[in-house]
Amino acid sequence: MVEERVQKILARAGFGSRRSCEDLITTGRVTVNGKAVLLGEKADAESDTITVDGKTLPTELQLRYIAYYKPRFVLCDKVYDEDTRRTVFNMVEGASDLAVVGRLDYESEGLVILTNDGDMVNKLTHPRYQHEKEYRVLVATHPDVKQMEIWRRGVVLEDGHRTSPASVTVEGTAGKGTWIRVILKEGHKRQIRETAKLTGLFVVKLVRTRIATLRLGKLKTGDYRSLTSEEIGALKDTSRPPRLLKTPRRVGATRSHTKTDPEEATKRNDFSKPRPSSRAPRSTNGSSERPTGSKPTGTRPSSARPSASRPSGSRSTRSTTSTYSSGSRKTDSFSPEEKSTYNDGKRSNSGKPGAAGNRSPRRPTGSGSRPPRTSSRGASGNSAHSTGTRSTTVRSPRRTTKKDEQ
12 MVEERVQKIL
22 ARAGFGSRRS
32 CEDLITTGRV
42 TVNGKAVLLG
52 EKADAESDTI
62 TVDGKTLPTE
72 LQLRYIAYYK
82 PRFVLCDKVY
92 DEDTRRTVFN
102 MVEGASDLAV
112 VGRLDYESEG
122 LVILTNDGDM
132 VNKLTHPRYQ
142 HEKEYRVLVA
152 THPDVKQMEI
162 WRRGVVLEDG
172 HRTSPASVTV
182 EGTAGKGTWI
192 RVILKEGHKR
202 QIRETAKLTG
212 LFVVKLVRTR
222 IATLRLGKLK
232 TGDYRSLTSE
242 EIGALKDTSR
252 PPRLLKTPRR
262 VGATRSHTKT
272 DPEEATKRND
282 FSKPRPSSRA
292 PRSTNGSSER
302 PTGSKPTGTR
312 PSSARPSASR
322 PSGSRSTRST
332 TSTYSSGSRK
342 TDSFSPEEKS
352 TYNDGKRSNS
362 GKPGAAGNRS
372 PRRPTGSGSR
382 PPRTSSRGAS
392 GNSAHSTGTR
402 STTVRSPRRT
412 TKKDEQ
């Protein structure tokens with residue numbers, strides 16, 4: 012058999028995680044063929060004699076996998092001397108030689124795994140595998156959007172550790188408090204409690220509901236059960252992609268077929284589903300259609316353009332009536348009479364307020380509208396535009412005074 016590192020052989024034999032087996036080696040409790048082993052040395056489990064505290068490793072080890080609902084005020088570490096606190100090792104029968112996967116602090120509760128399979132312990136605890144751990148956290152107040160954003164981005168804890176980005180979603184309210192679902196891919200000590208403290212929140216209750224693919228299920232506080240072969244295989248399978256948390260839907264809200272990131276949905280409203288887009292669908296030929304019930308497109312009034320500049324018959328194309336080249340209008344489609352009328356009016360009224368090319372559309376007269384201005388200049392300009400002939404401005408006679416009579 013191929014030689015392996017001694018700590019790996021000990022972990023597979025059921026002496027805990029590789030980190031705990033390294034501690035056994037550094038303290039001089041492990042020997043290979045009668046010689047003390049240094050950290051990093053290799054051995055062959057079949058041909059070499061490996062002992063721990065003078066006892067030879069068992070040839071065959073029965074692997075155990077237990078899911079346990081750790082209650083509050085129970086330790087995940089072994090106690091010594093006069094410490095009378097309860098631990099998971101004396102709460103579960105025959106768990107004294109098992110390792111704890113997913114340790115929780117003294118005040119937290121939820122799912123932990125007890126096993127003597129060193130490979131599983133390594134895959135579920137090593138940071139490179141990025142296994143998710145899901146929690147339900149009850150905070151004392153209602154967090155705002157800014158506090159949720161800070162929690163998602165990550166904070167710097169008091170010991171200098173920078174937390175990785177996390178998935179944080181509001182599930183609902185409980186009186187003055189709020190239930191929050193948190194998914195982490197790291198396991199720093201008291202990370203959730205310290206992060207909530209730095210964001211201005213106080214944790215009332217913390218329950219772990221999932222480790223990787225294993226869920227808490229119907230276990231009650233203090234209960235435990237053995238894992239099935241399917242659950243064990245799923246935990247050892249590292250090829251599965253990470254799961255995406257589903258956004259909780261408020262009671263009575265309509266379902267949406269649009270798939271949206273739950274974090275983006277929580278930014279807009281912690282208790283609402285993503286709103287469907289109001290943009291009109293684009294057809295396959297590239298033109299967009301206006302949705303039903305929208306404002307109809309208005310038509311251009313007939314008085315918006317002088318009658319003399321528009322050719323008779325059907326409406327002219329854009330190239331002949333609405334296109335300007337070098338400041339002059341194209342008249343290629345005009346008849347000879349229309350060209351003469353247009354050019355005469357342009358020469359007579361060039362630069363004047365009543366010119367054909369500079370005049371704005373007139374306001375229609377009638378009830379409720381302002382009457383048109385009465386001006387000799389405006390009248391002459393309009394007459395010139397309509398007939399195409401030259402016009403002269405008629406000035407009113409100056410009033411005589413007593414000085415003029417003398």
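Whatever position you read off the sequence shown (first residue = 1), add 11 for our numbering.
Cβ atoms here follow ideal geometry from the backbone N, Cα and C, with glycine treated the same way.
Within 7 angstroms, strictly: CB atoms of residue i and residue j
| i | j | result |
| --- | --- | --- |
| residue 81 | residue 135 | no |
| residue 28 | residue 110 | yes |
| residue 21 | residue 32 | yes |
| residue 224 | residue 245 | yes |
| residue 118 | residue 173 | no |
| residue 210 | residue 158 | yes |
| residue 154 | residue 212 | yes |
Continuous alpha helix (DSSP H) stretch holding residue i: start and end
| i | result |
| --- | --- |
| residue 245 | 240-247 |
| residue 51 | Where residue 51 is concerned, there is no enclosing alpha helix (DSSP H), given that its DSSP letter is neither H nor E. |
| residue 136 | 129-136 |
| residue 156 | 156-164 |
| residue 217 | Careful: residue 217 lies outside any alpha helix (DSSP H), inside the beta strand (DSSP E) at 214-222. |
| residue 35 | 29-37 |
Start and end residues, beta strand (DSSP E) containing residue i
| i | result |
| --- | --- |
| residue 189 | 188-195 |
| residue 110 | 110-112 |
| residue 126 | 120-126 |
| residue 43 | 41-43 |
| residue 205 | It is not in any beta strand (DSSP E) - residue 205 instead sits in the alpha helix (DSSP H) that spans 202-209. |
| residue 90 | First-last for residue 90: undefined, no H or E at that position. |
| residue 183 | 178-185 |
| residue 62 | 61-63 |
| residue 143 | Premise fails: residue 143 is in no beta strand (DSSP E) and is neither H nor E. |
| residue 97 | Premise fails: residue 97 is in no beta strand (DSSP E) and is neither H nor E. |
| residue 19 | Counting along the chain, residue 19 falls outside any beta strand (DSSP E), though it belongs to the alpha helix (DSSP H) covering 17-23. |
| residue 236 | 235-237 |
| residue 76 | 76-81 |
Distance between beta carbons of residue j and residue i, contact taken as under 8 angstroms
| i | j | result |
| --- | --- | --- |
| residue 227 | residue 65 | Not confirmed; about 41 angstroms, so no contact. |
| residue 17 | residue 40 | About 11 angstroms; that fails the 8 angstroms criterion. |
| residue 97 | residue 85 | 5 angstroms |
| residue 150 | residue 191 | 6 angstroms |
| residue 179 | residue 162 | 5 angstroms |
| residue 193 | residue 177 | 6 angstroms |
| residue 215 | residue 188 | 6 angstroms |
| residue 24 | residue 72 | 6 angstroms |
| residue 104 | residue 53 | Not confirmed; about 36 angstroms, so no contact. |
Residue i: CB within 6 angstroms of a non-hydrogen atom of the ligand FMN
| i | result |
| --- | --- |
| residue 46 | Looking at this structure, you won't find the ligand FMN or any other ligand, since it has none at all. |
Contact with chain D by residue i, beta-carbon distance below 7 angstroms
| i | result |
| --- | --- |
| residue 165 | Checking the listed chains, one finds no chain D in this structure; it contains a single protein chain. |
Using 8 angstroms as the Cβ pair cut-off and three pairs as the minimum, do the region 113-133 and the region 167-186 touch? no
Would the region 215-235 and the region 56-75 be scored as touching if the rule is three or more Cβ pairs under 8 angstroms? no
Would you say the region 140-148 touches the region 186-202, given that touching needs at least three Cβ pairs under 8 angstroms? As far as the Cβ criterion goes, the region 140-148 touches the region 186-202, which means the pair count is three or higher.
Counting Cβ pairs closer than 8 angstroms, one from the region 161-171 and one from the region 233-251, do we hit at least three? no
Across the region 88-95 and the region 40-51, are there enough close Cβ pairs to call them in contact, namely three or more that are closer than 8 angstroms? no
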